[in-house]
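Going left to right, the sequence shown walks through residues 25 to 389 as the working numbering numbers them.
Even glycine gets a Cβ: it sits at the ideal position worked out from N, Cα and C.
Please read these numbers as outputs of a predicted model, since none were measured by experiment.
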Amino acid sequence: MDSPIDFRALVESASDLVLVVSLDGNVEYVNRAWLDAMGYTPDEAMALTVDEIMTPDSSEAYWEAIQAIRGGATMMSLDVRMLTKSGEVLILEGNLFPRVEEGQVVGVQGIYHDISARRLAEEEARRSHARTEFLLDLMTHDLMNINQEVLSTFELLLRHGGLTDDMRVIVREGVAEVDRATKLIGKMKKLIHIETSPPVPKVLDLGDVLFSVAAEIESEFPDKTLDLRTELQRGQVTVLADEYLSDVFRGLLHNSMKYDPSDTVRVDVNVRRMPRTPFVRVEVSDYGPGIADERKESVFARLSDITDRKESVLGLGIGLALVRTIVEHYGGQIHVEDRVPGDHTKGARFVLLLRTATTGAGGTQ
């Protein structure tokens with residue numbers, strides 16, 4: 025013969041905390057796990073009220089839950105903070121149900137799980153993130169101000185009539201170094217921001233972004249001409265990205281202009297949708313010195329992975345690390361290959377997979 029189920033024994037042996045209170049907030053039942061966690065004896069527990077075992081904010085929320093449950097509702101995943109006998113705070117997540125006798129709701133029964141460790145870890149992570157953001161903003165703000173003061177000093181020197189030509193060359197080199205430092209600070213700030221508080225992707229026109237960046241890049245190199253060749257047109261291809269997509273093309277085009285010694289720098293951009301996938305394939309090819317095979321992966325290394333301090337200071341590592349971080353944030357991919365297979369000296373081809381905002385097999389080739 026089957027034995028009847030002893031529900032009280034099950035509740036008493038449960039690891040979750042069980043609390044039953046009347047509609048007027050008096051404790052009517054607690055299980056062994058609740059007593060062990062809260063530090064009360066059974067007699068002490070039966071004399072307690074909701075207001076005595078919960079923090080003021082949780083008590084207010086719990087009374088609102090009681091009113092809802094009085095009408096027969098249930099409350100799932102309610103967070104409450106209970107005060108132990110010694111005054112410590114337990115953060116609990118509970119499911120609350122009406123206790124019914126003879127068809128009438130007479131109380132509230134709840135099953136709670138202790139999430140104190142998890143919630144405290146989450147709160148500490150948020151505080152740590154806030155501290156990092158504050159220190160980063162403070163540091164970058166101060167460094168930017170310092171750079172501006174240095175630039176102002178250099179500008180005054182350049183206006184000085186007593187400088188020799190050699191001294192003017194040195195001062196202009198100093199101006200260029202300060203400008204590079206300013207850009208490096210901006211890249212680092214973006215890297216940290218993307219990894220800690222990434223923006224929400226939205227629909228962007230790929231052509232708009234590419235052509236806007238191309239115009240900016242050409243203005244940065246007044247002694248060179250950017251020969252951008254592409255069949256992509258505005259309004260033709262949309263992708264899921266954010267404001268940092270411009271930094272992807274800015275990084276690639278800037279490197280092409282910087283490292284190609286030619287007065288006219290040719291860059292080919294080919295775009296095509298990939299049928300039956302959510303991606304758009306974007307190829308950015310240049311005709312510069314290229315990237316040797318042994319460096320093709322390391323150029324994307326993040327700052328913590330870069331062992332060659334000189335390369336990181338030069339900005340190549342940081343710039344392309346930013347590009348990879350942005351693309352991967354979109355759920356895409358990027359890699360570099362030889363424009364002419366087997367001969368890296370003929371230029372580099374960066375291949376990106378970006379998530380398309382539209383469907384279809386059309387596109388540019």
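Check, Outcome
"Got a sec, what are the start and stop residues for the alpha helix (DSSP H) Q91 sits in?", "P80 to R94"
"V293 and T249 - do their beta-carbons sit closer together than 8 Å?", "no"
"How big is the Cα-Cα spacing for S37 and Y268?", "54 Å"
"To test your reading of the DSSP string, which unbroken beta strand (DSSP E) runs of 3 or more residues are found completely within the region 267-316?", "288-297 and 303-310"
"L228 and F273 look like a contact to me (Cβ under 8 Å); what is the Cβ gap, rounded to whole Å?", "About 11 Å separates the two Cβ atoms, so there is no contact after all."
"Output the residue ranges of the beta strand (DSSP E) runs that lie fully inside the region 105-156 and measure 3 residues or longer, sorted by chain position.", "113-125 and 128-138"
"Flag this pair as yes or no: are the beta carbons of V74 and G49 separated by less than 8 Å?", "yes"
"What does a CB cutoff of less than 7 Å around Y354 pick up in its chain, not counting 5 residues either side in sequence?", "P225, L264, A265, L378 and R379"
"When the distance is taken between beta carbons, is I90 closer than 8 Å to V132?", "yes"
"Given this structure, state the Cα-to-Cα distance separating D40 from P223, to the nearest angstrom.", "38 Å"
"Quick one, which of D189, V304, A85 and M281 has its alpha-carbon nearest G231's?", "V304"
"Could you please give the first and the last residue of the uninterrupted beta strand (DSSP E) stretch that includes G371?", "D367 to R379"
"For V291, collect the residues of the same chain with a Cβ closer than 6 Å to its Cβ; drop the 5 residues on either side in sequence, then sort them by chain order.", "L252, S280 and D310"
"Are V44 and M78 close, meaning C-beta to C-beta below 8 Å?", "no"
"Please name the residue, chosen from P365, K282, V261 and K320, that lies closest to R296 on a Cα-to-Cα basis.", "V261"
"Based on Cα-Cα distance, which residue from T98, S82 and E88 lies nearest to L116?", "S82"
"Pull up the DSSP beta-bridge partners for E361, would you.", "R373"
"In chain order, what residues of the same chain lie with their CB nearer than 6 Å to the CB of I209, ignoring the 5 residues before and after it?", "T164 and L167"
"Please classify W87 as buried or exposed, where buried requires at least 16 neighbouring CB atoms within 10 angstroms.", "exposed"
"With 16 other CB atoms within 10 Å as the buried threshold, where does R183 fall?", "exposed"
"Using the Cα positions of G371 and L277, report the straight-line distance between them to the nearest angstrom.", "13 Å"
"Tell whether a beta-carbon distance below 8 Å holds between F178 and V199.", "yes"
"Alpha carbon to alpha carbon, how far is P313 from T360? Give it in angstroms, no decimals.", "Residue identity check: residue 360 is Val in the sequence provided, not Thr. Distance between the alpha carbons of V360 and P313 is about 13 Å."
"Buried or exposed: which applies to M191, given that a residue is buried once 16 or more other Cβ atoms fall within 10 Å of its Cβ?", "exposed"
"I think M106 touches M62, with their Cβ atoms under 8 Å apart; what is that distance to the nearest whole Å?", "7 Å"
"State the Cα-Cα distance for the pair A316 and T301, rounded to the nearest angstrom.", "31 Å"
"Have a look at P399 and V351 and give me their C-alpha separation to the nearest angstrom.", "As displayed, the chain neither begins before 25 nor continues past 389, which places residue 399 out of reach and without an answer."
"Tell me, which residues are paired with M99 by DSSP?", "L120"
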